[in-house]
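Working notes, beginning with the structure itself.
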Amino acid sequence: MPRIKGEMRRLSELHVGEEGQVARLATPGRAKRRLFALGLRPGARIKLLRRAPLGDPLEVQVGESFIALRRREAEHILVDR
Amino acid sequence: MGCPRCDTAVALKKPPQERLLKVALLGNPNTGKTSLINALARSALKVGNWPGTTVERLEARFLHGGREIVLVDLPGAYSLFPTTPEEVITRDELLKDPPDVLLVVLDAGNLERSLPLALEATELGLPMVVALNLVDEAREKGYALEPRRLEAALGVPVVPTVASRGEGTMALLQALLRPRTPVPAVRYPPAVERAIQALEKKITHPAARFIATALLAGEELPGFKAAREKAAELQKALEAIGVDPFLEISGARYARARELFEEALLGHNPRPTLTEKLDRFVLHPVLGPVLFLLGMLLVFRFTFLLSAPWVDFIGEAQAVLAGWIAALPLPALLGSFLADALVAGVGTVLAFTPVLFFLYLAMGFLEASGFLARSAFIADRLMALAGLPGRAFIPMVLGFGCNVPAIYATRTLESFADRLRTGLAIPFMACSARLPVFTLFAAVFFPKNAATVVFALYLIGLLIGVLTAWLLGRVLGAQASSGAMELPPYRWPPLRVLWMQAKVRTMNFVEGAGGPILIAMVLIWALLHLPPGPIENSLYARVATTLSPLFAPLGFSDWRVVGALIPGFIAKEVVVGALGVSFLGAEPSAALGLLAGAGQLLSAFLTALKETLGALLGLFGAPQLFAASTAPSGLQAALGRVLSPAAAFGYLVFVLLYTPCVATLAAIRQEFGSRWAAISVAYQLTVAYLVALLAYSAFPR
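Top line first, the protein sequences correspond to chains A and B.
Position in the first sequence (first residue = 1) + 31 = our numbering.
Position 18, counted from 1, in the second sequence is what our numbering calls 9; the numbers after and before it change by one each time, with no gaps.
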């Protein structure tokens, strides 16, 4: 898990309905490019819409896109409020 | 603007009038490309596959404005820097076999997200037209857009369309005859731009600028050896001054996409969409799973209830043909070969086609409507227990109906490793063909606990299947596939395309799996019928007798019981028939007159039609859970004499687990190759033996 500082939080720790701005993707390897392509990149506004029945995966909204993410992946996405 | 590659000569060169105009559709997933090609092509649409893959390829060839146009739908891509196998196909096709016109499809309701791909496309050096699709959805979301501003900025024709209603298609066809080659629309930071231009000089390809950006960003591209070496050098130099080429290149594209979007945007008055409203229920923490299970039940019943009458009809037709053959003055052996090997073999293959067709319809609808992605979201955590993604749930559940369509349903999974792991777990799901064996033995040996025994068998299959998927994940060392996926907006899919896709996919099965199934049927027929005479003297009896000591540790070594496992390879329910023949003797098919047979066929067809309509109405009715065995009582008594209850249970476990049936195996071979088909047989035989041994030894006596 990436280390975090200051006002930054992990996307996985947002409350449902909370919004923020993607600060950094600590995602390793090619998976990062996939997330970029889906619109999850630094500067993007992001909102946690809901968690799946057993708490995982999460659904986030980025612009007009609705993206499902596993919690493990969301832990690597750092968000500024 | 300092144009880095003013190759206007390409734009001025008129395409020769007589030549075929090849148009490729490029767009993000879920931008309505399928609907668009359907609207443009109408009846000319053809469904196929990309060579060497199971990725579907839509194509159409038709005349417009005196030109013969070929439309090809490229697999959906978010970027030409690929992260999925589909995106690799799209990029490679554009570079290796560039179209005459590139038709870029944008989602007007998600414009900022679809623009980066269009910007990448401007670097391909191809004449281009843009379809601004789904303008109706954009309006519903409260967007006011000005396509002409986009046209001015990109320098290519931009045509607003609503593909699902055919709006804008005539204008789009006209525009395809007047494409323009855009000026590359992204400017990169100076250091990166210089590196790109230096690389471009080493590349002789119309898409030199795009290729230069890809190499610089560290993309794996086949070929371009000289440029690749140069790229590595430039990359190092950039990194030395603290520049990450990938981040700079993609960052510049996204920034330009944002600018273009804002230029084209007149105003936005956000309104909640139907998708957001529906998802409040569909993805609700409590209601969601309930709806999900109901949906699964519906898919299951749609597939198997609607196909059942046609499977019966094919069986009926097979019986009529056998009757006609029996009426012919043929030597007994030849008659048997025609009826029991050839007709039965073809019948077996065809009997799968209704199931597959209805399955493909259901799966196609789920996928194109947006429901499949939701079901993956709901089931993801549960399937993670087996190390599988949520999308594996549907194939696993279908396995309880029939393993064959379930194997093909794994195509909706994204990675090969996930497909393989699900595919090899599926044969352990107790399909409906195993039920007749279960009910027969349960009736003889466990009359009081029949339901418990059958339930235990289902559970054993499920557990071993899940364990198999999990273990295989360990062995393959496959990292868990990314769970990141789009939940696309709900849309009503183009049903005509779904119908065509289902037909083509079903035909793929007949062509790919038909041969192996037929060969297996002929081989097993030869075992049973050669040399001619009573079954005790057949090759089959000899093979079974040789094998039977192997099964003594499992408690059953009667050659007739062991032997029935061999034809059980065709379909597990055949075990019951084979036991009947071994213990009671064969019943020859009765001769049938031409007219009587035709009458029988017609009435069977009408029955099937009537029952399909009935099933359609009964889709939502209560499921029938358990049917009593209808095997002849003579067989039941004979089995009771040769087996103990513990041995019978061991036998059932073995029948549950041993080898996929021939059709499942043919499907596994088609999807994963011969090697994995062989591995699955060897693995299942081993597992079946060990678990049956355990079941026999541990059975309470």
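Yeah, the Cβ is synthetic: ideal placement off N, Cα and C, and Gly gets one too.
At least one CB atom of chain B sits nearer than 7 Å to the CB of Ala68/A. The beta strand (DSSP E) runs of length 3 or more contained entirely in the segment 56 to 98 of chain B are, from start to end of the chain, 58 to 64, 92 to 98. Ala475/B belongs to the set of residues whose beta carbon lies under 7 Å from a beta carbon in chain A. Within the model, the alpha-carbon separation for Pro523/B versus Ala32/B is close to 58 Å. Between the segment 213 to 232 of chain B and the segment 128 to 136 of chain B there are fewer than three inter-stretch CB-CB distances shorter than 8 Å, so the stretches are not counted as touching. Secondary structure in the segment 251 to 280 of chain B: the alpha helix (DSSP H) runs of 4 residues or longer, each lying completely within the stretch, are 265 to 273 in chain order. A distance below 6 Å between beta-carbons, with the five flanking residues on each side excluded, links Gly378/B to the following residues of its chain, in chain order: Trp461, Gly464.
Sorting Glu59/B, Met119/B, Val501/B, Glu128/B by C-alpha distance to the C-alpha of Leu11/B places Glu59/B at the top. Its Cα nearest to that of Asn124/B, the residue Gly159/B stands out among Met476/B, Gly159/B, Arg185/B. Fewer than three beta-carbon pairs drawn from the segment 579 to 588 of chain B and the segment 285 to 296 of chain B are found closer than 8 Å, and the two stretches are therefore not classed as touching.
For a Cβ distance threshold of 7 Å, residue set Phe368, Ile369, Asp371, Arg372 of chain B lies close to Ala83/A, ordered along the chain. When the alpha-carbon of Phe436/B is set against those of Gly314/B, Ala629/B, Val534/B, the nearest one is in Ala629/B.
Runs of the alpha helix (DSSP H) lying entirely within the segment 148 to 198 of chain B and spanning at least 4 residues, in chain order: 160 to 167, 181 to 191.
The C-beta of His259/B has fewer than 16 other C-beta atoms within 10 Å across all chains shown, which makes the residue exposed. Considering only Asn101/B, Thr403/B, Ala383/B, Ile187/B, the residue with the shortest C-alpha distance to Ala255/B is Asn101/B. The residues Phe304, in chain order, have a CB closer than 7 Å to that of Phe596/B in the same chain once the five nearest residues on each side in sequence are set aside. The residue among Ala68/B, Thr172/B, Val126/B, Leu49/B with its C-alpha nearest the C-alpha of Val150/B is Val126/B.
Non-local C-beta neighbours of Phe53/B in its own chain, meaning closer than 7 Å and more than five positions away in sequence, comprise Ala32, Ala35, Ile60, ordered along the chain.
The C-alpha of Leu450/B lies about 26 Å from the C-alpha of Ala569/B.
Straight-line spacing of the CA atoms in Ala504/B and Glu662/B works out to 10 Å. DSSP, read as helix, strand or coil, puts Glu142/B in helix. Beta-bridge annotation (DSSP): Arg40/A is paired with Val110/A. Between the alpha carbons of Leu16/B and Gly56/B lies a gap of roughly 19 Å. Taking a Cβ-Cβ cut-off of 7 Å, the neighbours of Ser96/A in chain B comprise Asn101, Arg104, Glu477, given in sequence order. Straight through space, the alpha carbons of Ala353/B and Leu347/B are spaced by roughly 10 Å.
Under the three-state reduction of DSSP output, Asn499/B falls in the helix class. The segment 662 to 678 of chain B and the segment 405 to 425 of chain B touch, with no fewer than 3 CB-CB distances between them shorter than 8 Å.
Secondary structure of Arg82/A (DSSP, three-state): strand.
Chain A places a beta carbon closer than 7 Å to that of Tyr69/B, counting this residue as a contact. Remark: C-beta atoms of Gly51/A and Arg112/A approach each other more closely than 7 Å. Chain-ordered listing is empty here: chain A has no CB closer than 9 Å to the CB of Pro263/B, the nearest sitting near 12 Å. Close to Lys132/B, with beta-carbon spacing below 9 Å, are these residues of chain A in chain order: Glu95. Within 7 Å of the CB of Thr655/B, no CB atom of chain A is found; the nearest one sits about 31 Å away. Sixteen is the threshold: when 16 or more other Cβ atoms of the shown chains lie within 10 Å of the Cβ of Ala154/B, as they do, the residue is buried.
In the structure shown, Lys439/B adopts coil according to DSSP, grouped into three states.
A Cβ-Cβ separation of about 6 Å places Leu684/B in contact with Leu545/B under the 8 Å criterion.
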